[in-house]
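>
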Amino acid sequence: MTIKNVVVAGGSGNLGKAVVKELHKAGYEVTVFTREDSASTFPSEVPVRKVDYGSVESLKPALEAQDAVVSTLATVAVGSQNPLIDAAVEAGVKRFIPSEFGINTRIIEGTAIGQLLQGKIKTVDYLEEKSKANPGFTWTGVSSGLFFDWGLEYGSIGFNKSTKTATIYDSGNEVVQASNLGFIGRAIAAILANEDKTANKYLSIGSPNFSQNEVLEFVERETGGKWEVQRASTADEGRIGLEKLSKGDYSAFRNLLREHIFKDGAGLSAKGDNSANGLLGLQEESLENTIKAWLRG
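Heads up: the sequence shown begins at 161 in the working numbering, then just goes up one per residue.
#1: Work out the CA separation of T265 and L276 for me, nearest whole Å.
#2: Along the chain, where does the beta strand (DSSP E) that runs through E205 open and close?
#3: According to DSSP, simplified to helix, strand and coil, what is L287?
#4: Thinking V166 and D227 are a contact (beta carbons under 8 Å), I'd like their distance in whole angstroms, please.
#5: Given this structure, state the Cα-to-Cα distance separating Y329 from K423, to the nearest angstrom.
#6: Rounded to whole angstroms, what is the Cα-Cα separation between N340 and E224?
#7: So what does DSSP say about I348, is it helix, strand or coil?
#8: Can you tell me which residues form a DSSP beta bridge with Q390?
#9: Let me know the secondary structure DSSP gives E374 once reduced to three states.
#10: Suppose contacts are defined by Cβ-Cβ distances below 8 Å. Is Q337 in contact with A430 by that definition?
#11: May I ask you to report which of helix, strand or coil DSSP gives I257?
#12: From V206, E313, V180, T323, pick the residue whose C-alpha is nearest to that of G457; which is it?
#13: Are the CB atoms of A326 and L442 nearer to each other than 8 Å?
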């Protein structure tokens, strides 16, 4: 394992905590970076450094002797990860994994949702430039789709267990790219373990991929009764999103995202040639077991 020492920037969020846990489990020496005003706490075996993410001078010494940086920063601002990237290059870091972990941003340039994700798009562009200018520096982008287990709990999948209600978009048959948080953490560990195969690549992963109708079938079977289903149109979501966007209302993202992933024929699931799961040797997550765990929780 040539990559051993790994920094997780933004390790206090839902994804960050899962990434720290899985990297630690895989045998990496993990250090967490937090903002200077952060009050987050971590297990005693995980070192924590408070940094200024806007200052290369603050970041560079903290990155000395580190092999890789995984950014899970919750940010969409253009250029916001650039100081961390610049400091990583100057400190001799080998691999940088930017804060992507959602839809594939390499295929949305020129779209409405792409307008809202320019920060992510430009970050990968910047990494490509930096890796060409600095041969010892590499990057890997990761599209993981929706956070499935988190999305069940917080409603982004369209299901509410307390009211036994569901919102199903279009036919409900479209297979959607999604990943459990722990699966993303294991994917990152595998990317770092397969350094050569994953260098300077943008990878799509996902497990469990799902259709809303599959989820509905499982929840009704597990709860022993029918759920109330509201049918919705992704075309309507797209129109609402564009109207909001024209007024500078950035909650448009949620509407545009629903149109992007749930519309019939979207074809965005991470399966077959569109999935790096096999390349990384990842074991598939069980859709049914994930849903059962959510219903029991």
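Think of the CB as a built atom: it goes at the ideal place given N, C-alpha and C, for glycine as much as any other residue.
Here's the rundown:
#1: Per the coordinates, the alpha-carbon of L276 lies some 11 Å from the alpha-carbon of T265.
#2: Note, E205: premise wrong, no beta strand (DSSP E); not H, not E.
#3: helix
#4: 7 Å
#5: 7 Å
#6: Taking the straight line joining both Cα atoms gives about 32 Å.
#7: helix
#8: Looking at the DSSP assignment, Q390 forms a beta bridge with T327.
#9: In the structure shown, E374 falls within a helical segment according to DSSP collapsed to helix, strand and coil.
#10: yes
#11: Taken through DSSP and simplified to helix, strand or coil, I257 comes out as strand.
#12: Between G457 and the set V206, E313, V180, T323, the nearest pair of CA atoms involves E313.
#13: Not a contact, by the Cβ cut-off of 8 Å.
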